[in-house]
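Asks: Here this note's numbering is used: the first residue of the sequence shown is 1, the next is one more, and so on.
Just so it is clear, CB atoms sit at the ideal spot from N, CA and C, and this is done for glycine as well.
Right, I'll just put the structure down here and ask away after.
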Amino acid sequence: MNRTDSDQASAGVTSMRLSFEELRQTLRRFEYFRYWTEEQIRECSILAQVVQYAPQQTIPLDLPLPYTFLVLSGQCMILQCLQVVREPRITREMFQLEAANPSPAASTRDPQTSPAEPLEQILQWHDTFSSRVAECGSIPDTDGSTKLPYDPDTAIAFVQTPPPERRIMHHFLDVGTFRCGAVFGLGECHEHRTIVARTSTQCLLIPRCWLFLKRQNIGNTWQRLRMYLDWQLPRRDELFERFLSERAWLCYRRRLIQQAPKRPSRTQLADVPIICRIAESTRNRPSHGQARKSC
Numbered sequence: 001m002n003r004t005d006s007d008q009a010s011a012g013v014t015s016m017r018l019s020f021e022e023l024r025q026t027l028r029r030f031e032y033f034r035y036w037t038e039e040q041i042r043e044c045s046i047l048a049q050v051v052q053y054a055p056q057q058t059i060p061l062d063l064p065l066p067y068t069f070l071v072l073s074g075q076c077m078i079l080q081c082l083q084v085v086r087e088p089r090i091t092r093e094m095f096q097l098e099a100a101n102p103s104p105a106a107s108t109r110d111p112q113t114s115p116a117e118p119l120e121q122i123l124q125w126h127d128t129f130s131s132r133v134a135e136c137g138s139i140p141d142t143d144g145s146t147k148l149p150y151d152p153d154t155a156i157a158f159v160q161t162p163p164p165e166r167r168i169m170h171h172f173l174d175v176g177t178f179r180c181g182a183v184f185g186l187g188e189c190h191e192h193r194t195i196v197a198r199t200s201t202q203c204l205l206i207p208r209c210w211l212f213l214k215r216q217n218i219g220n221t222w223q224r225l226r227m228y229l230d231w232q233l234p235r236r237d238e239l240f241e242r243f244l245s246e247r248a249w250l251c252y253r254r255r256l257i258q259q260a261p262k263r264p265s266r267t268q269l270a271d272v273p274i275i276c277r278i279a280e281s282t283r284n285r286p287s288h289g290q291a292r293k294s295c
């Protein structure tokens, strides 16, 4: 193996390049690559790399060049973060799932149109201010000669009242595990989700743009695998429903334990079976040696 200095080496991980023979022996272990030709494997050996992650180390998915991760050894944990808003009430606490941030693709705007939006907003404020001044008459001079009466209905306020602060709680849930042979990083939904190495893990990183080409994507294999991951992994709303269910069960169990000593017991001595009473009396009766010592 030839060690290379890459961007991930600075993050405390070991990055390696596989030779053609080593990569061919590695890919034979997986069914995804059984139709690959020698030319494809040789090209993959140039583009791909093997990265080793230490236990409890985060596997970054937002690299400058998107990669697809193939787990060669070890296990990876899927860690989901739930941002829950806690609202205390008189009777009980209420929980609400915080709205997820928009995806980078959705928030990305056209550079030709984005600078025009603040300009349009400023022009709109200017037109509003000019129309209000025209309705009221004239602008007061600096010497105070012209005074306009203050009308709250026609006053212009550019400062918005900030919303009240809400108490946001972060709950981390272990959703699942990627074991040897698993593939992730295909573009599946990772909303507030992180991949963490559970043990010492080795992953084969293949550029996603090259992997999604028609030659390496016979029968849309990778798109179907991405759809399977999106369908198999639970979404945020499903995990939040589980969180509420477990929270309700925990509250019920605590209330049941607290009320247990207060309940009157109607069990009498006649309700206990005779064999249990004989065994209890025999267990509590002192032995012959202890009785002699007491005498």
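Unbroken alpha helix (DSSP H) runs of length 4 or more, entirely within the segment 200–275: which are they?
Replies: For the segment 200–275, whole alpha helix (DSSP H) runs of length 4 or above, ordered along the chain, are 208–211, 221–232 and 236–259.
Asks: Using only CA atoms, which one of SER200, LEU205, LYS214 and ARG235 lies nearest to HIS190?
Replies: Measuring from the Cα of HIS190, the nearest candidate turns out to be ARG235.
Asks: By DSSP, does PHE30 sit in helix, in strand, or in coil?
Replies: Three-state result, PHE30: coil.
Asks: DSSP three-state call for ASP127: helix, strand or coil?
Replies: DSSP places ASP127 in helix when its eight states are reduced to three.
Asks: Run the CB neighbour count on PHE69, radius 10 Å, all protein chains shown included, and call it buried at 16 or more, exposed below.
Replies: The residue in question, PHE69, is buried, as its Cβ has 16 or more Cβ neighbours within 10 Å.
Asks: Does the distance from the CB of SER73 to the CB of CYS180 come in under 7 Å?
Replies: Yes. Within cutoff.
Asks: Taking three-plus beta-carbon pairs below 8 Å as touching, is the segment 200–218 in contact with the segment 42–61?
Replies: Enough Cβ pairs lie closer than 8 Å, so yes.
Asks: Just list the residues that DSSP pairs ILE59 with in beta bridges.
Replies: Paired residues: ILE195.
Asks: Would you check if the segment 192–201 and the segment 260–277 touch, i.e. whether three or more CB-CB distances between them fall below 8 Å?
Replies: Contact between the segment 260–277 and the segment 192–201 is absent, because fewer than three Cβ pairs lie under 8 Å.
Asks: In the DSSP output, which residue or residues are listed as bridge partners for TYR67?
Replies: Paired residues: PRO207.
Asks: Look up GLU188 in the DSSP assignment and say whether it is helix, strand or coil.
Replies: Note: GLU188 maps to coil in three-state DSSP.
Asks: Residues in its own chain within less than 7 Å of TRP222 by CB, not counting five upstream and five downstream?
Replies: Answer for TRP222: LEU186, LEU211 and PHE212, listed in chain order.
Asks: Please classify ARG226 as buried or exposed, where buried requires at least 16 other C-beta atoms within 10 Å of its C-beta.
Replies: ARG226 is buried by the Cβ-count criterion.
Asks: When burial is assigned at 16 or more other CB atoms within 10 Å of the CB, is ALA197 buried or exposed?
Replies: Buried, because 16 or more other Cβ atoms sit within 10 Å of the Cβ of ALA197.
Asks: Under 8 Å by Cβ, that's how I've got LEU256 and ILE78 pegged, so tell me the actual separation to the nearest angstrom.
Replies: With 8 Å as the limit, LEU256 and ILE78 do not qualify as a contact, their Cβ atoms being about 33 Å apart.
Asks: Quick check on CYS276: buried or exposed, where buried means 16 or more other Cβ atoms within 10 Å of its Cβ?
Replies: Burial call: exposed.
Asks: Count the other C-beta atoms from every protein chain shown that fall within 10 angstroms of the C-beta of CYS209, then say buried if there are 16 or more, exposed otherwise.
Replies: Its Cβ having fewer than 16 others within 10 Å, CYS209 is exposed.
Asks: On the DSSP letters alone, give me the boundaries of the beta strand (DSSP E) that GLN49 sits inside.
Replies: Looking at the DSSP string, the run of the beta strand (DSSP E) that includes GLN49 is 49–53.
Asks: Which of the three DSSP states, helix, strand or coil, is assigned to SER281?
Replies: The answer is helix: DSSP assigns SER281 an H, G or I state.
Asks: May I have the straight-line CA-CA distance separating VAL84 from GLU120, to the nearest angstrom?
Replies: Going from the Cα of VAL84 to the Cα of GLU120 covers about 36 Å.
Asks: Under DSSP, the beta strand (DSSP E) around GLY176 begins and ends at which residues?
Replies: Start and end: 167–178.
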